[in-house]
Structures are given as structure tokens and as C-alpha cells.
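Have a look at the structure below before the remarks.
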Amino acid sequence: MDYILSIIILACINMIAVLGLSIFTGFTGLFSLGHAAFVGVGAYTSAILTYYYYVPFPLALAAGAAAAGLVSLIIGIPTLRAKLRSDYFAIAILGFGEALRVVLENLEITNGARGLPGIDNFTTFPIVLACLALGVFFARNFLRSRWGAACIAIREDPIAAEMAGVRLFRTRLLSLVVSAVYCGLSGGLLAHFLSFIQPVMFTLVQSTQLLAAVIAGGMGSLSGPLIASFVFIGLPEALRVAQMWRLVAYGLLLVLIMVYRPQGLMGYSELSSFFKRKSNPGGRVQP
Amino acid sequence: MWPGLFLQTLITGLSIGGIYALMAVGYSLVFSVLNFSNFAHGAVIMLGAYVGLALASKLSLSFGIVLAGSIAGAGLIAVLNEKLAYSSLRRRKAPSLYLMISAMGCAVFLENLVYATIGSRFYAFPEFFGRQVISIGGSSVSLLDVGAFLFALVAILGLHLFIKRTRTGIAIRAGVSDMTMCSLMGVDLDRLIAIVFLLAGGFAGVAGVFLGIKYLVYPTMGWVTNKAYIAAVIGGLGSLPGALAGGLILGVVETFVSSYISSVMRDVFSFSLLIAFLVWRPNGLWGTDSEEKV
């Protein structure tokens, strides 16, 4: 039972990060291959605070999330202001994520590549569940706000959106910061659940896994990526045999989705729209 | 800073830069035609190295045959990769981001397939060149480094001539400037793109063998291609002379940073260089205009 619970907790922690990336990639239309670095920043910041400075856990979590948001400004301001082509942006943020990992590996306070062992085990199931619920609530409201509408407009057509008066730079930057805060929160929870973190836990592979969940779930849906991320974490653990082949399947899945179903599992619709008729919150008008 | 060390650093930098250039050429070639970042290029390089390794250690063939086998193997893998993962996206004119994600998926798939089947062990090539050393201006350089550098120069020059002089080369250049027009003129696009991937894969095979001999062969070795993206961006994506120059510049600058400033900060430096170029000079030093069209 403990084992199953721990998998559910891990899946929920992952879902928080996926939720953030979904706002950025799914609803604003910018691809990131570096969001695991923000998870890393959140994990290290909060872990260092509780480990060395005995800061209370909720405060450390908030600090981790805030630190991830701040770090995202470093890469976001120059690249988003320059209005990079979308694939250049993905490469730039990939480079940023890798650079950040190298920095984490060489700092004194992070204990380098050996990692930080013995972080206190503060993350419990109710806390994770509360964070996730809060995250879903905020994301839903954000996407229904003016800012969310602006994000979706940019995803659909950045040039038309800009002509209609949407400020591209500000909106994209806001979306990036919000997504980084989600990732930072997820990192803080992760660090205090596993009680051991290491820079290799936050590499391009993890960024790809986050992106895979968003793409598989559907770009333009919140519930789709959540389901996908739960399945991605839960299924290989449940089957156990597939441990070795999990990443093989991830890769294959990405290719298959792009080739056969680029709109993902849920497309632009939400889970709730199956129960209600004619409801299409936050998505685009379907043909 | 005494001149001996300076020269040694420069030569080491050039030899690493030569390998970066070999990787960047294949990456840049695909980018120039299909206009997307082929993240699977690193995986093709890795597979090329494994093909070479199998030929060298299982069949103990000579260096020339190993290199040829690896070029052919990696070339075929690249063509197959295009047919399976990109061609249908290309035909329905999907956004280049979809192609990029598909490429990312291929990279993850191939790399972990090797993990799951061959394993994560590090393999070394048998010693082809021994530890022979040449002395240039008082500093010693290994034969492999010089060979890799010269081979890279000759191969890239050859490719350049191929693209400038032959009929197929002209078709490739026509495809770069306008795909639809090119196909209206009677060029078989599927064949053309297969040739482009064959060439890119061939270069990946060469890069894989040299990387494998210089370092080791292991499933994640393809991630060195991150450096090739940086080299291609510095030189200007889609430009062959740019890829060569970018590779050499990056190799030299990196080696100087790691020997005179700090070796751990080398990668941070390279990635910062990448971001700086993307932000301030996205077309690189030699690139053509690449604004996203409305």
C-alpha cells in the first residue's frame, strides 16, 4: 500500500510540473526543452533552505517556486524580447537548461554532482494533493482570464494576435514565469519526498518527458496532459517489467503522435466536456 | 602564457572543431532543406559509431572499410528515419515544430533502444593509429587529431563542390530556396530529400567513428551534437561554409576557455554563446535571412 501511495504521490508531483508546461506549451504555443531545469531550481532552493537554514517547509516551497520563476526571467527576457523563431527558442532554452545543470553540478552549496542526501521528508500525500488542486484551480482561472485569452490568441496566430493588440512579449513572459513557478513548486515537493536530489535528475531527458506528457495529452487541454502524465508515471511502475523500455516507448509515442494524431489524446477539449454538452472552455472553436 | 602551450591549445581546439564541423554539416544540410532542427542527428551519429565499432571489433576490418561501413550504415539509418518519422509530416506541410518533436522522439527512441538492447557499457575502438604523435612547431599532436581535422576539411570541401557543381547539387539548392517550385520543375522531392538525408547520415557516420575513436562509444554519446547545433548556429543555420567555420571557432574557443579559464565552465560558456547568438545574431555569421514567414 505504501508503495502504491508513493507512486501516486510521484505522479501527482509530476502532474504539477506538467500543468505548468501545459500553460506554456499547450496554451501559449512555445516549445520548451528546458523546463526540467526549473524543477531543479525549485528542488535545490527549497531543499537548501530546509537543510541548511531550517526554514519552515511551506515557506521553503514558496521560495523554491519563486526562485524558479525568477530564474526563468534570465532566459525569458532576452529570448522572448528578440521574438525568436519558435524552434530557435526551443534550442535556446535547451541550452539554458543544460548550462543551469552544469552550474548546479559545480556549486559548493548544492554538493556538486554527488547530490544532496538526507533532506527532511516533509512531503505527504495530503500536501501534494492540496498543491495539485490549487494548481489546477489557478491554471483554470488563469486560462479563463484576459491573460489566458491572450496566450491562446498567441498560440493560434502570433502575428494576428499582435495586430489585435495583444502584447506578445509581456504575455509570453508571463506564461513562462507562471509555468516555471509550477515547475519550481513541483521540484520542492519532489526534493522533500525523495529526500535526495542530484543534478542529473533535471536534464534534457526529464524535459522531454514533461513535453511528451503535454503533447500526448493534447496541446490546448489541461486534463489531457494530466491524464497522460499520470499514465506515464503510473503504468511503467505498475508493469515494472517495462522499466528498461519506458523511454523507448516515450520516444516511439512522440513520433507516432506527431505522425498520426498531432492534436494529442484530448485535442483541444477537456475531460469535463464529455459530461457537459457544447462546452469548450479555453479551447479554440472547433471546426 | 608561453607560445608552446598556446599553439598546443590551438591545435587541440582545431581538431575538436573539425569533428564539431562534421556533425554540424549534416545537421545544417537537413535544416537548410526542411527548415527544422533535426534532433535525431545525434542518435544517427551514435548508431554510426556502433556500426563502425561492430565492424572493427567483431570483424576486425581495416580503418578504411570501417569508415566506409559506418558511412553507409548511418546514411541508411538517416534515410529510414526520414521515411518513417518525417515524410508524412512533410507531405501534409505540418509546422516545423511537429517535425522537431518527431525528431526529438526519434532521438529518445533510438538512444534508449540501444540502452535496452546493447546496454550502457562504454566500448573502445581497437587502436587504429596507436599513439603516434607528430610534432608541429615544438608541440606534439596525435596523428588521430590531425587526421580527423584534415578529413573533415576534405569531406566538407567535397560536399561543397558536390552541391555547387553537380545536377543533384543544383536540385538541392533549388529545394532550399523553394520546395514547391522545385517540384513543379520536375524534381522528385522524395528522392531529393532521401539524398539529403543520405549525405547528412554519411557525415554523421564519419563523425561517429572519429568521436568513438577519440573518446568512447556509449548510448548517450550523441548528445555531443548539442555542440554541433551551437556550431551551426554560430556559422548560420543552413550554410555549409558557416558550419565548418562555426565548428572550428567553437572548438578553438572552447579549448581556450577550458585551458585558460576553467574547464568546468566550458559548457556553460558554450551554451551562453548559443543563446547570445540566437538573440543577437540568429542568422549567424554567414546565414541567410530566416525570418518566419507570415
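Here the protein sequences line up with chains A and B, keeping their order. In terms of our numbering, the first sequence has 11 at position 11, counting the first letter as 1, and numbering is strictly consecutive. In terms of our numbering, the second sequence has 1224 at position 224, counting the first letter as 1, and numbering is strictly consecutive. Note that beta-carbon positions come from the ideal geometry of N, C-alpha and C, so glycine has one too.
- Item | Within chain A, partners of residue 1036/B - CB distance below 8 angstroms | 87
- Query: Where do the N-terminal and C-terminal ends of the alpha helix (DSSP H) with residue 1270/B fall, by residue?
  - Reply: 1266-1280
- Since residue 1174/B and residue 1041/B are thought to touch, with beta carbons under 8 angstroms apart, how far apart are those beta carbons, to the nearest angstrom? About 23 angstroms separates the two Cβ atoms, so there is no contact after all.
- Could you work out which residues of chain B lie near residue 106/A, taking near to mean beta carbons separated by less than 7 angstroms? 1264
- With 8 angstroms as the threshold, decide whether the Cβ of residue 1105/B is near any Cβ in chain A. yes
- Using beta-carbon positions only, say whether residue 218/A and residue 264/A come within less than 8 angstroms of one another. yes
- State the DSSP-derived secondary structure class of residue 283/A, mapped to helix, strand or coil. Low confidence applies to residue 283/A: its pLDDT is 49, below 50, so where it sits in the model is not reliable, and the reading given next is rough at best. Three-state DSSP puts residue 283/A in coil, outside helix and strand.
- Message: On the CB-based measure, 16 or more other CB atoms within 10 Å of its CB, does residue 196/A come out buried or exposed?
- Response: exposed
- Contacts that residue 168/A makes with chain B (C-beta to C-beta distance below 7 angstroms): By Cβ distance, chain B contributes nothing, its closest Cβ being about 13 angstroms from residue 168/A, past 7 angstroms.
- Does the beta-carbon distance from residue 37/A to residue 107/A come in below 8 angstroms? no
- Using CA coordinates, which residue listed in 1012/B, 1004/B and 1023/B is at the minimum distance from residue 1209/B? 1023/B
- Query: Can you name the start and end residues of the alpha helix (DSSP H) that residue 1128/B belongs to?
  - Reply: Element bounds for residue 1128/B: n/a, residue is neither H nor E.
- Message: Do residue 1044/B and residue 1070/B have their beta-carbon atoms positioned less than 8 angstroms apart in this structure?
- Response: no
- Query: Roughly how many angstroms separate the alpha carbons of residue 89/A and residue 1097/B, rounded to a whole number?
  - Reply: 11 angstroms
- Item | Minimum length 4: unbroken alpha helix (DSSP H) runs contained in the stretch 200-232 of chain A | 204-217
- Query: Looking at the structure shown, is residue 196/A part of a helix, part of a strand, or coil, going by DSSP?
  - Reply: strand
- Compare the C-beta of residue 214/A against all C-beta atoms of chain B and say whether one is closer than 8 angstroms. no
- Outcome for residue 1185/B when other beta-carbon atoms lying within 10 angstroms are tallied against a minimum of 16: exposed
- Message: Would residue 229/A and residue 249/A qualify as a contact pair, given that the criterion is a beta-carbon distance under 8 angstroms?
- Response: no
- Since residue 1173/B is in the alpha helix (DSSP H), which residue starts that stretch and which ends it? 1167-1177
- When Cβ atoms are compared, which residues of the stretch 65-81 of chain A fall closer than 9 angstroms to chain B? 75, 78, 79 and 81
- Query: According to DSSP, what are the bridge partners of residue 116/A?
  - Reply: 197/A
- Go ahead and pull the three-state DSSP assignment for residue 1019/B. helix
- Task: Kindly indicate which three-state DSSP category residue 77/A falls into: helix, strand or coil?
- Result: helix
- Message: Let's test the definition: count the other Cβ atoms within 10 Å of the Cβ of residue 270/A and tell me whether it reaches 16, buried, or not, exposed.
- Response: buried
- For the stretch 1165-1252 of chain B, which segments carrying the alpha helix (DSSP H) assignment without a break, of at least 4 residues, lie completely within its bounds, in sequence order? 1167-1177, 1179-1184, 1189-1214 and 1225-1235
- Would you check if there are 3 or more beta carbon pairs closer than 8 angstroms linking the stretch 37-53 of chain A to the stretch 177-195 of chain A? yes
- Continuous alpha helix (DSSP H) assignments of at least 4 residues falling wholly in the stretch 1067-1112 of chain B: 1087-1091
- Message: For residue 1240/B, tell me which candidate among 1222/B, 1180/B and 1169/B has the shortest Cα-Cα distance.
- Response: 1169/B
- Among 1272/B, 1119/B and 1166/B, the one whose alpha carbon lies nearest that of residue 1220/B: 1119/B
- Query: Would the stretch 1096-1114 of chain B and the stretch 1046-1060 of chain B be scored as touching if the rule is three or more Cβ pairs under 8 angstroms?
  - Reply: yes
- Identity of the residue in 1007/B, 1027/B and 1281/B nearest residue 1247/B by Cα: 1027/B
- Host alpha helix (DSSP H) of residue 126/A (start-end): 125-144
- Item | residue 168/A to residue 182/A span [Cα, whole Å] | 21 angstroms
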